[in-house]
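A short write-up of the structure that comes next.
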Amino acid sequence: MSQRLKLTKWLVVLVVLHCIVAGAGFFAPYNPVEQDREHPYLPPMRVHLMDAQNHFHVRPFFYPLRLRTGSFDQYEEDTTSAIPLRFFTRGTPYRLLGLIPSRLHLFGSTDARIHLLGSDAYGRDQLSRILYGGQVSLLAGLLGATVTLLFGALIGMAAGYYDGWRDELLMRVAELFLALPWLYLLFALRAFLPLAVSPLEAFLLVVAVIGMVGWARPARLVRGVVLSVKERDFVRAARGFGAPDFYLLRRHILPETASVLLTQAAILVPQFVLAEMTLSFLGLGVPEPMSSWGNLLASLQQYSVLVSYWWMYLPAVAIIPFFLGYLGLASALQERVGAYKIDEKSSWNPS
Amino acid sequence: MRYLLRRTLHAVFLLFGVSLLTFLFSALTPGNYFDEMRLNPQISPESIAALHTQYQLDRPLPVRYAHWLNAVAHGELGFSFAYNSPVAPLLWVRARNTLLLTVTAALLAWLLALPLGVWSASRFGRVPDRVVSWTTATLLVIPDLVLALGLLILAVRTGWFPTGGLVSVGYEEFSPLHKLGDLALHMTLPVLALVLATLPMLVRHVRASVAEVLDAPFLRAALGHGIPHRKLLYGYALRAAANPLISLFGFSVGTLLSGSLLVEVVMSWPGLGPLLLESILARDLYVVIGGVLLSMIFLVAGNLFADVLLYWADPRIHTAVSPK
Amino acid sequence: MRPLLKVENLVKHYAAGRSTRSKDRLAALDGVSLSIPSGETLALVGESGSGKSTLALCIACLETPTSGSISFEGIDVATLDENQQRLFRPQIQLVFQDPASSLNPRWTALEIVSEPFLVQRRFTKPDRTVRALQLLDRVAIPRKLAGRRADELSGGQKQRLAIARALALEPKLIILDEALSALDCSVQALIANLLLELQASLGLAYLFITHDFAMAAHLADRIAVMDRGRIVESGPTENILRSPNHEATRALLAAVPRFIESPSVLVTA
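Chains as they are written, first to last, in the numbering used here: chain A, 1 to 351; chain B, 1001 to 1324; chain C, 2001 to 2269.
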């Protein structure tokens, strides 16, 4: 498969995945904070076409769950009432992308709540929470990667362009940061900042902390590019016309760094999403009631949940297609750039 | 020799830098920390005052740093409020537990990765190699958090493995053999999680390095001399491909203390990881600093170790004239 | 008459490697003096490593000499501050040896030729395009190639583009640093003639740096021979060719392929 085609394929996959998460309001049947305390920890509901009497229904339907007689946490399907699943229904209001108000949902039901992926301790629909949670986690990853790359690019360009002691100093500091295990650094940074903050503040804090941890590698790579481009004759020629440094950086050197930055972006975003997940899972990231893939998994730290409610693990699986997409994109980009060397320092799961 | 000296100096510089950074982190938020301590009813105002003078919080930063460095050099890493004991012994115990896990996992991972990688490289592009590549790619896509949690759920559902802890209740009464078995049983899942997390990348690196070398003319010449295939692969090819692998090995050594944090927390293994987390949540400052410092030391030592190994293994380095 | 360019005792030291000890320094230029009158061509001939390119960079103000002076139209270039330097730069332009590296491969021909205008902030955008196209005409590059990226052009076309770009700011002196060396023989001849024609119509002065004596002889009024950072011999072209004095000059002359009356002589050798 040609490189262009491969690149496009992965881009399409990623765009589709991101659109689904961005359109969480539409794809999710419920609001992530809607509670239903009467029905905690419902297992995933099945959608049927064939009912108990072996009749085929054209419209898919589901059975509501009721407590098994004699048990207080075992559910079974109530086959007496088949509730049809409606598509493109009106449901709870939401704002698409935070801007456009709408009530249209991909699927839903007016008679009973449907939980395709089960519900949690407060009866909140897991599917909805996963979709909305994805928005938080992915956004944290994307923003964090942007911060890191911005920072890294600036420092890399300064180090590469202004040779001498500035370069030495910046690269030594970068080496220091590269030498530190990122997870520990993340924790340490987060630890020394106030713990009890509002969800929004926590989110911004997480992004800032994540962003500040990973700048060293992009900086080194950008510096490398700058060093080699700086010596090219067309830069000399432009200086010969009287071009100031800023012009040279902006119009000649910066475009050359684009491919390095893009490849780094494809590698960093999933790492940072994972970082947010880890922080939130451990209670250091985004707090309730805001949902993120990380804090959705936090309930698994309780033994009882682990034993009885396996569907609470599903948010962990949600990230895998994204990882796959980003990893594929990163390989395609690296191939395109031609530097397809596995550098051990660019390992996938750094510790 | 000059090379070794330079690398050692570099390591020392790194250690200083790391210690400075760690100290700065702590020093930059003393107000916050001590205010929170004041709010904590478990700590009396007298202790706070005593700590204030002991840690000389009224002195300028450089003095405090020097004082702190001095204390660390004497092995005194401070006091833990949550555990009500000095930090150092606390850390050693936990570090020992962590190392138990990570050393086992690292050994296993490397022992598996080397033959897998070499075998895969020798059958480059053909079916066995593709199977290996696909498996590693799949494993790589699964983050270790997901892996660890998944294994945990497996343990719980099947009941084959304990779901946490170092040893079972009543461990002291077990016979030595039973003790070993119990420990091994508890270790299985965390070690498995760690190995699955690190193996794919290792295999990929080994495969890539060896594949690059397999093309070289000197190997073809050796083959022409009638050297048996296995000796060729391990004796010649692997040694030529060793450089990046040695650096990687050094990196593995360096992350012995820090790489297992997540797995330990998820699997409730009483290592350095859970301690660090607890201390962060409890704002137990000196434990955090001590823990971070300890793992940084390991990292720097690991890199230095890799440099030394490289020096010993690659003759080109001592005969090289120009600096890096 | 005052020469256009006058270089006196130019010295340029480079630090070898990372040391700063004086005996480790490389003297790329060890006291070079030359002068070029307006509208004339001086060829600087020498082997690789003799310091020719360093001299070119110093004259074009892209490197700072360690000592010595460079005067252009009587003004000492070293005395100019940054702003004055920027206004001064259009007077001396440089054409490099390898057009693949002296032209940004991603830029189009039009963009490359208009860059000097952009940098010097002259003319409005439409004006720049018009003038750029005129420059392309000047160097015989068909207008339809104006929108092509530099890496899509042939070697000869690229070098013409480089010359066009050098002409943009109407310089008085163009330094050609081995500008023809990377081209095919036939293309060399074409571009050499282009250079002569431009000189005649625009009154340009050239500093033509090369290791090819034959080309130097063809283009230059005067020749200076450089060896290990110094000018060892200089004078009018005829004189140098007929009676070379220095051994470096003789060595370079001997390297020029000579065409013998009867090619069969070669076969029996």
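Beta carbons are placed, not taken as given, at the ideal position from N, Cα and C, and that holds for glycine.
Find the nearest neighbour of C:R2089 within the set C:I2175, C:A2132 and C:P2257, judged by alpha-carbon distance. For C:R2089, the nearest C-alpha among the options comes from C:I2175.
Spatial neighbours of A:I155 within its chain, please: C-beta separation below 7 Å, excluding the five flanking residues on both sides. L170, W215 and A219
Counting only beta-carbon separations shorter than 8 Å, does B:P1143 have a partner in chain A? yes
Which complete alpha helix (DSSP H) runs does the stretch 2109 to 2135 of chain C hold, if anything under 4 residues is left out? 2109 to 2119
Mind checking which residues open and close the alpha helix (DSSP H) that includes A:M50? Under the DSSP assignment, A:M50 falls outside any alpha helix (DSSP H), being part of the beta strand (DSSP E) whose first and last residues are V47 to M50.
By Cβ distance below 7 Å, which residues in the same chain neighbour A:V153 in space, the five residues on each side in sequence not counted? As written in the sequence, residue 153 of chain A is Ala, which differs from the Val given in the question. Excluding residues within five positions, the ones whose Cβ falls inside 7 Å are P218, V222, T257 and L261.
Whole angstroms are fine: how far does the CA of A:A318 sit from the CA of A:V209? Answer to the nearest angstrom: the Cα atoms are 24 Å apart.
Under the DSSP definition of a beta bridge, which residues are partnered with A:Y75? Its beta-bridge partners are A:L67.
Distance between C:D2221 and A:R239 (C-alpha atoms, nearest Å): Straight through space, the alpha carbons of C:D2221 and A:R239 are spaced by roughly 30 Å.
B:S1085 at chain A interface by Cβ criterion, 8 Å: Under the 8 Å criterion on CB atoms, B:S1085 is classed as non-interfacial with respect to chain A.
Alpha carbon to alpha carbon, how far is A:V15 from A:R336? 20 Å
Alpha carbon to alpha carbon, how far is C:G2203 from A:M157? 42 Å
Would you kindly work out how many angstroms separate the C-alpha atoms of A:F27 and A:L131, rounded to a whole number? Taking the straight line from one Cα to the other gives about 8 Å.
Does any C-beta atom of chain A lie closer than 8 Å to the C-beta of B:L1061? No, B:L1061 lies away from the interface with chain A (no Cβ there is under 8 Å from its Cβ).
Separation of A:P32 from A:G133, as counted between CA atoms: 9 Å
For C:A2217 and C:L2241, believed in contact at Cβ under 8 Å, the rounded distance: 6 Å
Under 8 Å between C-beta atoms, does B:G1150 make it to chain A? yes
List the residues that DSSP assigns as beta-bridge partners of B:M1296. Answer is none; B:M1296 lacks a bridge partner.
At a CB distance below 8 Å, what residues from the stretch 303 to 321 of chain A approach chain B? Give them in sequence order. Y303, L306, V307, W310, Y313, A316, V317, I319 and I320
Excluding the 5 residues flanking A:V13 on each side, which residues of the same chain have their C-beta closer than 6 Å to its C-beta? G325
What distance in whole Å lies between the Cβ atoms of A:S292 and A:S280, which are believed to be in contact at a cut-off of 8 Å? 5 Å
Determine the contact status of A:M277 and B:L1114, defining contact as a CB-CB distance below 8 Å. no
Short Cβ contact (8 Å threshold) for C:F2096 with A:A179: no
Which residues of the stretch 271 to 287 of chain A have a Cβ closer than 8 Å to any Cβ of chain B? Give them in chain order. Listed by position, the residues of the stretch 271 to 287 of chain A near chain B (Cβ gap below 8 Å) are L274, M277, T278, F281, L282, G283 and L284.
Taking B:A1137 as the reference, give the member of B:A1221, B:P1217, B:G1164 and B:L1196 with the closest Cα. B:L1196
Any beta-carbon of chain A closer than 8 Å to the one on B:N1303? yes
C:S2048 - DSSP class collapsed to helix/strand/coil: Note: C:S2048 maps to coil in three-state DSSP.
With a CB to CB cut of under 6 Å and the five nearest residues on each side skipped, what residues in its chain are close to B:H1205? L1248
Separation of C:K2172 from C:L2253, as counted between CA atoms: 30 Å
Helix, strand or coil for C:N2083? Go by DSSP, reduced to three states. For C:N2083, the secondary structure class from DSSP, reduced to helix, strand or coil, is helix.
What are the residues in the stretch 234 to 252 of chain A lying within 7 Å of chain C by C-beta distance? For the stretch 234 to 252 of chain A, which is checked against every Cβ of chain C, the residues closer than 7 Å are F234, R236, A237, A238, R239, G240, F241, G242, A243, Y247 and H252.
In the stretch 142 to 169 of chain A, which residues sit with their C-beta less than 7 Å from some C-beta in chain B, listed in chain order? none
Contact under 8 Å by Cβ, A:L183 with A:L193: no
Verify the CB distance criterion: does B:T1188 have a CB-CB separation below 8 Å to chain A? no
CB-CB under 6 Å to A:C19, same chain, minus the five flanking residues each way: which ones, in chain order? none
Let's test the definition: count the other Cβ atoms within 10 Å of the Cβ of A:P270 and tell me whether it reaches 16, buried, or not, exposed. buried
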